[in-house]
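Here the structure is laid out as structure tokens; the discussion comes afterwards.
Residue numbers (my numbering), protein chains in the order written: chain S, 3 to 93; chain C, 19 to 380.
Now the structure itself:
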């Protein structure tokens, strides 16, 4: 997908990737064919809101309220990085 | 030094295989059926691997479907939370077995394809398998597994890379691995019969790069150049004993599948020792961790943090010392060995993989 995301972009997780928990490292992890990305809790919070319906703007708004801060630049950055790895796709 | 935790275990459940590919990644000295680990041994290995930090499991071989306990092992792996891939020729994947594997939670199936030209595919595999592979691919797709195709590239199929890519897309592959032959073991034996020309490699790379763009978002593609044609060596599995481990059919625990060819090292087995001990304490896993083992030119080279000196197995096989710089590196004093190999007269015939000194049927 175009990794230049905007607020209107509706991201979805690659259908072959799943969010799981790594009990050994005590961290959330994204698992997919031949790969794994260890996440932090913020990354997990973003990905839990990626459902193929919410836009980047909506995700940013929900997290912004939760953390009482403007997180939109971070959300765009984070999802763009995952899109570059083809783990986040355009709807 | 403190080791990282491994993320990936390749479990070579058996070396038995109906195919006889001349570039097989199994060692020349294949493990016999009666020396293979049992079901409970493998379950213990998976459990220990998970505790050590492994996330990804490759159920590989030989042909892993030859193991009748494959479904039981896949179920155990899923129960541990591992993401499992079946690495198969596709032969032996009946509907019943595929459905059972899906039920127990196997997530990903990777099928090898030899070529799109049937005659050539049969010649490479040493048997006729094209139809069975196509049927297996259809089944994998129908049952909703994540589906990869892998193709080992060499002189005989490299010119058809465009057709191979379109064929894989036509089968509905989610991923396609196009990896040029690595010259170890059987591949090294057959090097003069497999080595492509530079012109072939350049053309194939251009075709692959265009296809990677064309199929983006639809089929994820990976193209691996033959390292003999590179300027610098590959960063083998991110460095020795860093992220990856292999368990052979008879339980030897290795940092990569080719490591047994380094005959100066002794590898412990999962029968005698825990994976935890082998990973952290065994001399073989510590032998090439970090960079204190390096000689020049690696020792004083800034690229040592990029490629870790390249491949220890290749250094050993071609220069006689595993501590040497991978001879693929143009900075290596042994690079002439690689250039001489590239100038070799092509061999017309393969030496197919076979169990040597097999007890004869009377």
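Backbone N, C-alpha and C define an ideal beta-carbon position, used for all residues, glycine too.
For this session: Thinking residue 331 of chain C and residue 202 of chain C are a contact (beta carbons under 8 angstroms), I'd like their distance in whole angstroms, please.
Result: Indeed they touch by this definition, with Cβ atoms about 6 angstroms apart.
Exercise. So what's residue 190 of chain C in DSSP terms, helix, strand or just coil?
Worked result: Residue state, collapsed to three classes: coil.
Exercise. Are there three or more Cβ pairs, one per stretch, closer than 8 angstroms when the region 92-101 of chain C is compared with the region 116-128 of chain C?
Worked result: Contact between the region 92-101 of chain C and the region 116-128 of chain C is present, because at least three Cβ pairs lie under 8 angstroms.
Exercise. If you compare alpha carbons, which of C:292, C:317, C:238, C:327 is closest to residue 168 of chain C?
Worked result: Selected option, being the one with the closest Cα: C:238.
Exercise. Excluding the five sequence neighbours on either side, which residues of its own chain have a C-beta within less than 6 angstroms of the C-beta of residue 158 of chain C, listed in chain order?
Worked result: Within the same chain, residue 158 of chain C has close Cβ partners 127, 165.
Exercise. Leaving out five residues before and five after residue 38 of chain C in sequence, what residues of the same chain have Cβ atoms less than 8 angstroms from its Cβ?
Worked result: Excluding residues up to 5 positions away in sequence, 143, 144, 145, 370, 371, 372 lie with their Cβ nearer than 8 angstroms to the Cβ of residue 38 of chain C in the same chain.
Exercise. Taking the DSSP output, what are the residues bridged to residue 239 of chain C?
Worked result: Paired residues: C:194.
For this session: Within 10 angstroms of the Cβ of residue 80 of chain S, are there 16 or more other Cβ atoms? Answer buried if so, exposed if not.
Result: Classification of residue 80 of chain S: buried, given that the 10 Å Cβ count is 16 or more.
Problem set entry | Extent of the continuous beta strand (DSSP E) to which residue 20 of chain S belongs | Where residue 20 of chain S is concerned, the enclosing beta strand (DSSP E) stretches over 20-24.
For this session: Kindly give me the distance between the Cβ atoms of residue 279 of chain C and residue 45 of chain C, rounded to whole angstroms, as I take these residues to be in contact under 8 angstroms.
Result: With 8 angstroms as the limit, residue 279 of chain C and residue 45 of chain C qualify as a contact, their Cβ atoms being about 7 angstroms apart.
Exercise. Whole-angstrom Cβ separation of residue 141 of chain C and residue 71 of chain C, contact assumed at under 8 angstroms?
Worked result: Going by Cβ atoms, the distance from residue 141 of chain C to residue 71 of chain C rounds to 42 angstroms, so no, they are not a contact pair.
Problem set entry | Length of the line joining the Cα atoms of residue 153 of chain C and residue 301 of chain C | One C-alpha to the other measures close to 45 angstroms.
Exercise. So, is the C-beta of residue 28 of chain C closer than 8 angstroms to a C-beta in chain S?
Worked result: It does not; no Cβ of chain S falls within 8 angstroms.
Exercise. Could you check where the beta strand (DSSP E) with residue 202 of chain C kicks off and where it finishes?
Worked result: Element bounds for residue 202 of chain C: n/a, residue is neither H nor E.
Exercise. Comparing the C-beta of residue 69 of chain C with each C-beta of chain S, is any distance below 8 angstroms?
Worked result: The C-beta of residue 69 of chain C comes closer than 8 angstroms to at least one C-beta of chain S.
For this session: List in chain order: all unbroken beta strand (DSSP E) runs of 3+ residues lying wholly within the region 131-198 of chain C.
Result: Every beta strand (DSSP E) stretch that sits fully inside the region 131-198 of chain C and reaches 3 residues is listed by chain position as 164-171, 193-198.
Exercise. Excluding the five sequence neighbours on either side, which residues of its own chain have a C-beta within less than 8 angstroms of the C-beta of residue 113 of chain C, listed in chain order?
Worked result: Counting only Cβ-Cβ distances below 8 angstroms, and skipping sequence neighbours, we find 157.
Exercise. Okay, do the region 235-254 of chain C and the region 183-196 of chain C touch, 3+ Cβ pairs below 8 angstroms being the bar?
Worked result: These segments touch.
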